[in-house]
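Beneath this line is the structure, given in structure tokens, with notes to follow.
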Amino acid sequence: MDSDPDTQAMLKVAAGDKQAFAWLFDRHHASVARFAFRFVGDPARAEELTQDIFVKLYRHARSYKPTAKFKTFLFRVATNHCLNEMRRGEYRVARLASEAPDADDAGAVEMPGPEGDRPDQALSGRELEAAVGVALGDLSDRERAAFTMCRFEGMAYRDIAEALEASEAAVKSLIHRATLAVARRIEALQAGTVPARSRA
């Protein structure tokens, strides 16, 4: 861990180094914004949550221990903040796909293949993104958090378990259920049996 630049920067933040905090903010802002967006489905509100999350990160810097990966610590703060936000019951994440910002900002689903620029293929991409968005809206908050960290942020089960303060077995179960739900939505879209933005 000692050679990890994020770890070193966070230890400097804990010692009061504001430049190190600015560096971490620039480095991880996009990931946290994507994560928050997957919960609230609104780019402006996701940005507000991202700012709140980094403020909390700064305030809790002294509790950071270099035995944990910085990204795990960051996403524990982000997860707790987003789950608390969702408990207010003001959001319907089914809106997520139709209101998504640009792919670079939102972590949109990418369509493979060189023909992706064709209008008909672009439409398929938008439909796929919508289907994933609706499927995410049907998940529980913890399923959505685990799935997002795994599939969009590439985090390992062990690190997701730390972020969610759960066992690895529980995380695997959350991700398995979420993956099946998303797959069913995409299969239904491909079969033409369910409109992308309909409810399951």
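Our numbering runs 109 ahead of the 1-based position in the sequence shown. Glycine is no exception: its CB is placed at the ideal position from the N, C-alpha and C atoms. Since this is a predicted model, take the numbers as computed values, not measurements.
- DSSP places T116 inside the alpha helix (DSSP H), whose first and last residues are 114-123.
- Counting only runs of 4 or more residues that sit fully inside the stretch 119-193, the alpha helix (DSSP H) segments are 127-149, 152-168, in chain order.
- In summary, R147 is buried, with 16 or more beta-carbon neighbours lying within 10 Å of its beta-carbon over all protein chains present.
- From the listed residues K281, L120, R293, G263, the smallest Cα separation to G242 is found for R293.
- Excluding its 5 nearest sequence neighbours in each direction, A129 has C-beta neighbours in its own chain below 6 Å: A118, K121, V122, listed in chain order.
- The shortest CA-to-CA distance from E296 to any of T257, A240, E277 is the one to A240.
- Between the C-alpha atoms of A145 and L158 there is a straight-line separation of about 7 Å.
- Burial of R185 is indicated by the presence of at least 16 other C-beta atoms within 10 angstroms of its C-beta.
- Its chain contains A255, M258, C259, V280 as the residues whose beta carbon lies nearer than 7 Å to that of I269, once the 5 sequence neighbours on both sides are disregarded; these appear in chain order.
- S112 and K174 have their C-alpha atoms roughly 14 Å apart.
- Along the stretch 229-260, the alpha helix (DSSP H) occurs as fully enclosed runs of 4 or more residues at 250-256, listed in sequence order.
- Taking 8 Å as the upper bound for CB-CB distance, E252 and R267 are not in contact here, some 18 Å apart.
- Rounded to whole angstroms, the gap between the alpha carbons of A275 and S282 is 11 Å.
- Cβ contact annotation for S140 (same chain, cutoff 7 Å, sequence separation greater than five): E262, in chain order.
- The residue from K178, E238, D161 with its alpha-carbon nearest to that of A187 is D161.
- Shown here, M264 sits in coil according to DSSP, grouped into three states, outside any helix or strand.
- With 16 or more other Cβ atoms from the protein chains shown falling within 10 Å of its own Cβ, V149 counts as buried.
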